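Residue numbers (this note's numbering): 124 to 701.
The following block contains the structure:
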């Protein structure tokens with residue numbers, strides 16, 4: 124039996140009983156739950172017992188944390204046992220509300236009892252008999268015996284919290300464009316090879332859609348929910364899937380919350396941020412790609428497609444905003460930076476060439492959207508349990524990137540300043556600036572925080588300098604000289620998927636194996652693009668790696684079957700050979 128107290132995250136995955144009823148507010152009053160836990164243990168219960176009290180209870184608690192914990196545990200519980208020994212010392216005011224809520228919402232999981240001498244329970248008795256057809260039980264042990272008989276019948280029943288469902292329903296109603304992220308959408312290939320049978324919000328709202336048609340919707344919805352977890356101070360929900368040293372600290376969460384609340388302090392600003400989150404990946408929707416083609420425009424750049432959608436007024440919800448807000452959003456899309464690419468080492472120096480044209484608020488809007496967006500990266504795998512990706516190291520990267528964006532006056536130096544800072548934090552031994560930049564970018568793409576893994580990357584590059592000389596050269600092209608830099612779009616997804624493949628296949632060193640397979644391939648892609656595209660002058664060549672990122676998740680050994688397909692003057696796509 125597992126006792127889950129309210130100062131620990133809500134545990135899930137086993138049959139569970141919530142002990143609902145009045146909680147003492149003074150140490151002078153004995154809690155009835157200790158007796159209840161002992162009875163359950165003696166009866167041989169082997170599930171989770173939710174106890175809405177602190178493990179070392181001094182009768183003090185954080186109100187917000189407590190009520191959110193109770194809500195989540197109540198929704199997850201298979202059985203809610205209401206034991207109400209009401210007295211002047213245990214008035215059970217909150218219990219009355221909880222009891223009424225749950226007897227109306229799902230009476231099948233409510234079992235109710237009270238001692239014969241309990242005061243003022245006449246209406247609760249009547250309501251229980253009316254809703255369930257059962258009489259209240261006047262003995263705690265007998266009450267718990269009934270609960271044990273019922274919990275096995277209910278073990279597959281857990282309610283979906285209406286908190287999230289109401290948010291999602293309202294978002295769909297307010298910004299119907301989000302439904303364009305279902306269906307034929309070029310979803311982000313992160314962890315493509317993961318076999319996922321978990322219930323996601325997309326599957327709840329679009330029951331007839333195939334899982335691959337919901338991936339981008341589920342990622343975006345998690346990003347939206349993360350905003351509300353921050354706003355409503357739901358730290359435990361935000362970090363529910365995070366463990367170990369990399370778990371986002373409460374202090375950093377509070378910093379993020381202050382950043383959000385202070386900068387998006389009006390309904391207009393709040394809604395603009397949410398709208399940006401909703402539409403950010405619409406450029407991946409085939410319906411939107413076709414809409415842009417009808418205007419005579421063809422591109423594989425998702426951000427550029429979104430820009431055109433706004434310019435041609437193809438997104439109706441944009442009309443709900445003021446001219447000032449609309450102008451800010453379009454300016455961010457025209458002149459901003461993909462901050463997710465920034466902190467993952469995926470962008471290039473020239474990506475920042477227009478950044479100084481943004482206002483202070485526009486930089487904040489860009490940063491906040493990117494933070495929420497990357498927080499939702501794995502939402503297609505599980506979007507009901509907070510963010511895996513927006514942990515402490517990722518949050519630190521965001522704060523560092525935001526600081527440099529706001530303080531560095533020379534846009535040509537922004538990326539270098541960030542990479543130099545990160546290289547020093549990683550304690551790299553390499554002295555050559557170009558080599559350090561290459562190693563740092565690869566570590567950021569792989570989201571490495573473990574020093575042994577960082578050392579693996581450094582050893583791979585330093586031990587094969589001649590083999591990787593073109594890779595090192597290309598990773599250091601700024602795009603400001605007479606030669607455009609090459610941006611490998613989805614290179615972090617490719618590297619992480621390769622790592623995931625080798626980890627799942629019991630590799631002794633997944634990072635090393637992924638590098639040995641992926642780096643020669645990426646180098647050849649850049650050589651091919653540079654040779655065949657022959658683009659001169661300032662700028663960026665974007666090479667889309669989505670197809671190959673999905674392929675390495677299933678088997679990295681099939682890379683030889685891919686080639687570079689040139690799409691335009693500065694765009695190419697790596698796809699399977701015909």
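Even glycine gets a Cβ: it sits at the ideal position worked out from N, Cα and C. As the structure is a prediction and not an experimental result, all values here were calculated from the model.
Could you check how far apart the C-beta atoms of residue i and residue j are, in whole angstroms? I think they sit under 8 Å.
| i | j | result |
| --- | --- | --- |
| residue 228 | residue 202 | At roughly 14 Å, the Cβ-Cβ gap does not stay under 8 Å, so residue 228 and residue 202 are not in contact. |
| residue 500 | residue 313 | 5 Å |
| residue 433 | residue 441 | 6 Å |
| residue 568 | residue 615 | 4 Å |
| residue 667 | residue 697 | 7 Å |
| residue 136 | residue 218 | Not really, about 27 Å apart at Cβ, beyond 8 Å. |
| residue 510 | residue 396 | Between residue 396 and residue 510 the Cβ distance is about 17 Å, and since that is not below 8 Å, they are no contact. |
| residue 602 | residue 548 | Contact flag wrong, Cβ pair sits at about 25 Å. |
| residue 496 | residue 463 | 6 Å |
| residue 206 | residue 150 | Going by Cβ atoms, the distance from residue 206 to residue 150 rounds to 20 Å, so no, they are not a contact pair. |
| residue 105 | residue 391 | Any answer about residue 105 is impossible in this case: the structure gives the chain only from 124 up to 701. |
| residue 529 | residue 486 | 7 Å |
| residue 152 | residue 213 | 7 Å |
Have a look at the options and flag the residue whose alpha-carbon is nearest the alpha-carbon of residue i.
| i | options | result |
| --- | --- | --- |
| residue 363 | 582, 498, 578 | 498 |
| residue 632 | 501, 578, 680 | 578 |
| residue 263 | 238, 599, 624 | 238 |
| residue 664 | 676, 354, 687 | 687 |
| residue 382 | 171, 526, 305 | 526 |
| residue 389 | 510, 266, 609, 448 | 448 |
| residue 369 | 572, 588, 485 | 572 |
| residue 574 | 634, 540, 537, 599 | 634 |
| residue 610 | 338, 646, 385 | 646 |
| residue 702 | 466, 592, 326, 562 | The structure shown does not extend to residue 702, since the chain spans only 124 to 701, so no value can be given for it. |
| residue 255 | 173, 234, 482 | 234 |
| residue 129 | 557, 274, 169, 174 | 174 |
| residue 301 | 407, 213, 356, 367 | 407 |
| residue 355 | 627, 290, 341 | 290 |
| residue 595 | 350, 190, 557, 658 | 557 |
| residue 243 | 216, 230, 221 | 216 |
| residue 502 | 349, 584, 240 | 349 |
| residue 275 | 599, 387, 168 | 168 |
| residue 221 | 630, 453, 193 | 193 |
| residue 512 | 494, 537, 271, 522 | 494 |
| residue 461 | 475, 453, 451 | 475 |
| residue 555 | 544, 585, 580 | 585 |
| residue 490 | 640, 331, 400, 654 | 400 |
| residue 670 | 414, 620, 597 | 620 |
| residue 479 | 537, 423, 508 | 537 |
| residue 141 | 154, 606, 170 | 170 |
| residue 131 | 185, 146, 159, 164 | 185 |
| residue 504 | 338, 418, 197 | 338 |
Quick one: using the 10 Å Cβ neighbour count with 16 as the cut-off for buried, is residue i buried or exposed?
| i | result |
| --- | --- |
| residue 685 | buried |
| residue 570 | buried |
| residue 249 | exposed |
| residue 211 | exposed |
| residue 166 | exposed |
| residue 517 | buried |
| residue 552 | exposed |
| residue 411 | buried |
| residue 699 | exposed |
| residue 257 | exposed |
| residue 224 | exposed |
| residue 473 | buried |
| residue 292 | exposed |
| residue 305 | buried |
| residue 138 | buried |
If I follow the unbroken alpha helix (DSSP H) through residue i, where does it start and stop?
| i | result |
| --- | --- |
| residue 199 | 186-199 |
| residue 597 | 592-598 |
| residue 444 | Segment: none, residue 444 is in no alpha helix (DSSP H) and carries neither H nor E. |
| residue 378 | 373-386 |
| residue 492 | 483-498 |
| residue 329 | Unbroken run through residue 329: none, as it is neither H nor E. |
| residue 266 | 263-276 |
| residue 553 | It is not in any alpha helix (DSSP H) - residue 553 carries neither H nor E in the DSSP assignment. |
| residue 178 | Neither: residue 178 is in no alpha helix (DSSP H) and is coded neither H nor E. |
| residue 205 | Looking at the DSSP string, residue 205 is not in any alpha helix (DSSP H); the run it does join, the beta strand (DSSP E), is 202-206. |
Just to confirm the assignment, what range does the beta strand (DSSP E) spanning residue i have?
| i | result |
| --- | --- |
| residue 608 | 608-612 |
| residue 689 | 685-689 |
| residue 139 | 139-143 |
| residue 358 | No beta strand (DSSP E) holds residue 358; the alpha helix (DSSP H) holding it covers 358-361. |
| residue 128 | 125-128 |
| residue 173 | 171-174 |
Check whether the stretch 305-312 touches the stretch 355-372, counting contact only when three or more Cβ pairs, one atom from each stretch, lie closer than 8 Å.
Flag = no, the stretch 305-312 and the stretch 355-372 do not touch.
If you pair each beta-carbon of the stretch 286-293 with each one of the stretch 179-188, do three or more pairs fall below 8 Å?
With a cut-off of 8 Å on Cβ pairs, the stretch 286-293 is not in contact with the stretch 179-188, counting fewer than three such pairs.
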